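S.K.:
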Amino acid sequence: SDPDDRAGWGLSPRGAGYTFGPDISEVFCRSNSFDMMVRAHQLVMDGYLWNHERACVTVFSAPNYCYRCGNQAAVMLVDEYGSYSFVKYNASPEADPQFRNKHGPIAPDYFL
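Numbering-wise (UniProt numbering), the sequence shown opens with residue 1 and increments by one.
1. Leaving aside the five residues before and after asparagine 90 along the sequence, list all residues of the same chain whose C-beta is less than 8 Å from its C-beta, in chain order.
2. Give the secondary structure of arginine 39 by DSSP, where H, G and I count as helix, E and B as strand, and everything else as coil.
3. For glycine 70, which residues in the same chain have their Cβ closer than 7 Å to its Cβ, ignoring the five residues on either side in sequence?
4. Identify whether cysteine 69 lies in helix, strand or coil by the three-state DSSP scheme.
5. Starting from valine 87, trace the beta strand (DSSP E) in both directions and tell me its first and last residue.
6. Apply the 10 Å Cβ neighbour rule to phenylalanine 20 and answer buried if 16 or more other Cβ atoms are within range, or exposed otherwise.
7. Of the residues Tyr18, Phe28, Leu11, Lys88, which one's Cα is nearest the Cα of methionine 37?
8. Locate the alpha helix (DSSP H) running through valine 27, then write down its first and last residues.
9. Would DSSP call asparagine 51 helix, strand or coil?
Okay, here's the thing in structure tokens:
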């Protein structure tokens with residue numbers, strides 16, 4: 001399911017699942033005593049994206065998704081007190097010499 005600006009539940013334009021509005025995020029967080037929900041599995045160009053007045057954040061950790069999207073990636077760091085921060089990063093260059101040795105690539109190109 002994906003966050004949406006429209007209230008309530010809706011059918012996802014991605015062809016499977018649903019969308020949920022700010023009201024759904026609020027009820028979910030309150031019912032579960034959460035400050036926010038963290039989700040993934042949806043491309044966001046800057047690595048992470050807040051929705052619903054910071055009740056929901058999408059974190060996407062695959063840089064340059066499918067080798068063609070040009071997106072940054074991010075990870076969310078959370079400490080034992082609930083403080084958090086984000087680290088954003090770009091894809092590494094495919095031809096970087098550190099990934100090669102005298103016998104060719106250390107890993108097949110589809111892993112780089």
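Glycine included, every Cβ here is placed at the ideal spot set by N, Cα and C.
These numbers were taken from a predicted model, which means no experiment stands behind them.
M.R.: So, to answer that:
1. The residue labelled residue 90 in the question sits at position 90 within the sequence shown. Closer than 8 Å at the Cβ level, and outside the excluded window around asparagine 90, lie Pro63, Asn64, Gln72, Ala73.
2. Working through the sequence shown from its first residue, we reach residue 39 at position 39. It is a strand residue.
3. To locate residue 70, count along the sequence shown from 1; it is residue 70. If we look at glycine 70 and ignore the five residues flanking it on each side, its Cβ neighbours are Asn64.
4. Along the sequence shown, read from residue 1 onward, the residue named residue 69 stands at position 69. In the structure shown, cysteine 69 sits in coil (DSSP, three-state: anything other than H, G, I, E or B).
5. Taking the first residue of the sequence shown as 1, we reach residue 87 at position 87. That run of the beta strand (DSSP E) goes 84–89.
6. In the sequence shown, the residue the question calls residue 20 occupies position 20. Buried, because 16 or more other Cβ atoms sit within 10 Å of the Cβ of phenylalanine 20.
7. Indexing the sequence shown from 1 puts residue 37 at position 37. Measuring from the Cα of methionine 37, the nearest candidate turns out to be Phe28.
8. Counted from its first residue, the sequence shown places residue 27 at position 27. That run of the alpha helix (DSSP H) goes 22–31.
9. Here residue 51 refers to the residue found at position 51 when the sequence shown is read from its first residue. Here asparagine 51 sits in strand by DSSP.
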